[in-house]
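Quick note: the sequence shown, position 36, residue 197 per the numbering used here, numbers continuous.
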Amino acid sequence: MSRITVLGECVADAFTEPAPAPNELALRVLPGGGPANTAVALARLGTPARFLARLSGDVFGRLFRAHLAASGVDLSHAVEAAEPSTLAVAELDAQGQAAFSFHAQSTADWQWTSQELSGVDVADTACVHTGSLALVREPGGAVVEDFLAAAAPRATISVDPNVRPLLVRPEVYRARLAHWCSLADVLRLSEDDLDLLLPGTPPEQACDAWHAAGARLVVITRGAEGALASLDGERVQVPAVATPVVDTVGAGDSFTAGLLHHLGTHGLLGGRLTDLSLADVEAACLFAVQVAALTCSVAGPNPPWRDQLPQLTPDASTVRHLDPTP
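And the structure:
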């Protein structure tokens, strides 16, 4: 089975809970962070997943290592970082959507050096996936970009911008997104990301702009509306899977994992997606929405294991093939 290497951060997601006294705050801490969630979901689905991360030796870093290892993620190239872990405090609204506040100044996740990544061999990696804050925060963001450029001749490159405006201004993402598309074969982002990156732009027009910049496959996840996928301008809309929603934390990361897992198991990763058809994309997205739905049905970024997948099935009869934008 195709091996996938994921590069990025692991964040302590702290969720507010009822406190025993009015002047206290109770938090439940779960391992999170977009790239870490994706690596965990890939491993639980059965894809050999290696995670390149800078993990602190603090209490959160130890939690991260235990969680990742228990899910079957390869941590052989994870850096033992001296800096503290990143903490994100989440407040959930009535729909399970999370609003985050971040404690991320000078934390371990953003301090990548060229030396730390120079010894990583991607010869047996079919796909390198990255994104989120590790790709955009300095000083490590430029190092991650260089790693993608070095890996691109051998591996499919997947990027999820995962815009976090509380930490990095959207215009910083906009300034670098064209370069990421020039490196990436797959660009996956949410509807919220689209609104921040290209406000007021129709999804189809955004897909065409990112195709022109170099990304062959663009997938925009749309929550309860499913996902829009565009392969070189050929487009398909797949439905979401109806499920009781506890919260939506990690759903997009699980979708990305499901997409890449399905492509990998069908031998479609490892290059520039030259053998990929729109039918392949549709099948991968129908699988990915199942993985995302199961993540929404439990608390926090807790993606499903492979044996849980038969619980849900999307309605393929509502798939829509869309005409390319003139």
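Each residue gets a CB set at the ideal place from its N, CA and C atoms; glycine is no exception.
Exposure label - residue i; buried when at least 16 CB within 10 Å
{"i": "Leu358", "result": "buried"}
{"i": "Ala336", "result": "exposed"}
{"i": "Asn463", "result": "buried"}
{"i": "Leu296", "result": "buried"}
{"i": "His423", "result": "buried"}
{"i": "Gln272", "result": "buried"}
{"i": "Pro290", "result": "According to the sequence displayed, residue 290 carries His and not Pro. By the neighbour-count rule (16 or more Cβ atoms within 10 Å), His290 is buried."}
{"i": "Pro471", "result": "exposed"}
{"i": "Pro465", "result": "buried"}
{"i": "Gln266", "result": "exposed"}
{"i": "Ala440", "result": "exposed"}
{"i": "Ser293", "result": "buried"}
{"i": "Pro192", "result": "buried"}
{"i": "Gly222", "result": "buried"}
{"i": "Leu350", "result": "buried"}
{"i": "Gln398", "result": "buried"}
{"i": "Thr177", "result": "exposed"}
Start and end residues, beta strand (DSSP E) containing residue i
{"i": "Leu120", "result": "Residue 120 is absent from the structure shown; the chain starts at 162 and stops at 487."}
{"i": "Pro196", "result": "Segment 195-206 is the alpha helix (DSSP H) holding Pro196; no beta strand (DSSP E) there."}
{"i": "Glu170", "result": "Segment: none, Glu170 is in no beta strand (DSSP E) and carries neither H nor E."}
Cβ-based neighbour list, residue i, same chain, cut-off 8 Å, excluding 5 preceding and 5 following
{"i": "Val407", "result": "Gly257, Cys457, Ser458, Val459, Ala460"}
{"i": "Pro487", "result": "Confidence is the limiting factor: at Pro487 the pLDDT is only 46, short of 50, which leaves the residue's position unreliable and the question unanswerable from this model."}
Close beta carbons around residue i, own chain, < 7 Å, minus the five adjacent residues each side
{"i": "Pro331", "result": "Val324, Leu357, Leu358"}
{"i": "Leu338", "result": "Pro322, Leu358"}
{"i": "Val304", "result": "Trp273, Thr274, Ser275, Leu278"}
{"i": "Val333", "result": "Val297"}
{"i": "Ser232", "result": "Val201, Ala204, Arg205"}
Rounded distance between the beta-carbons of residue j and residue i, thought under 8 Å
{"i": "Leu175", "j": "Ala259", "result": "The amino acid at residue 175 is misidentified as Leu; the sequence shows Ala. That belief does not hold up - the Cβ atoms of Ala175 and Ala259 are roughly 11 Å apart, past 8 Å."}
{"i": "Gly431", "j": "Ala287", "result": "4 Å"}
{"i": "Val452", "j": "Gly425", "result": "With a Cβ gap of about 14 Å, Val452 and Gly425 do not count as contacting."}
Alpha helix (DSSP H) segment containing residue i, residue limits
{"i": "Ala336", "result": "331-344"}
{"i": "Arg226", "result": "220-231"}
{"i": "Val324", "result": "Note, Val324: premise wrong, no alpha helix (DSSP H); not H, not E."}
Cut-off 6 Å between Cβ atoms - residues of its own chain near residue i, not counting five sequence neighbours on either side
{"i": "Gly414", "result": "Correcting the residue identity first, residue 414 is Asp in this sequence and not Gly. Excluding residues within five positions, the ones whose Cβ falls inside 6 Å are Gly195, Asn198, Thr199."}
{"i": "Arg211", "result": "Thr166, Asp235"}
{"i": "Phe261", "result": "Ala249, Ala251"}
{"i": "Gly411", "result": "Asn198, Thr456, Pro462"}
Secondary structure of residue i, DSSP reduced to three states
{"i": "Ser293", "result": "helix"}
{"i": "Ser246", "result": "coil"}
{"i": "Gln258", "result": "coil"}
{"i": "Cys368", "result": "helix"}
{"i": "Thr317", "result": "strand"}
{"i": "Gly182", "result": "Just to set this straight, residue 182 is Ala in the shown sequence, not Gly. Ala182: coil per DSSP, three-state reduction."}
{"i": "Arg349", "result": "strand"}
{"i": "Pro487", "result": "Any reading at Pro487 must be qualified, since the residue scores a pLDDT of 46, below 50, and its modelled position is unreliable; no value is offered."}
{"i": "His264", "result": "strand"}
Residue i CB to nearest heavy atom of the ligand ZN below 6 Å
{"i": "Ala175", "result": "Absence of the ligand ZN is noted for the structure shown, with no ligands found whatsoever."}
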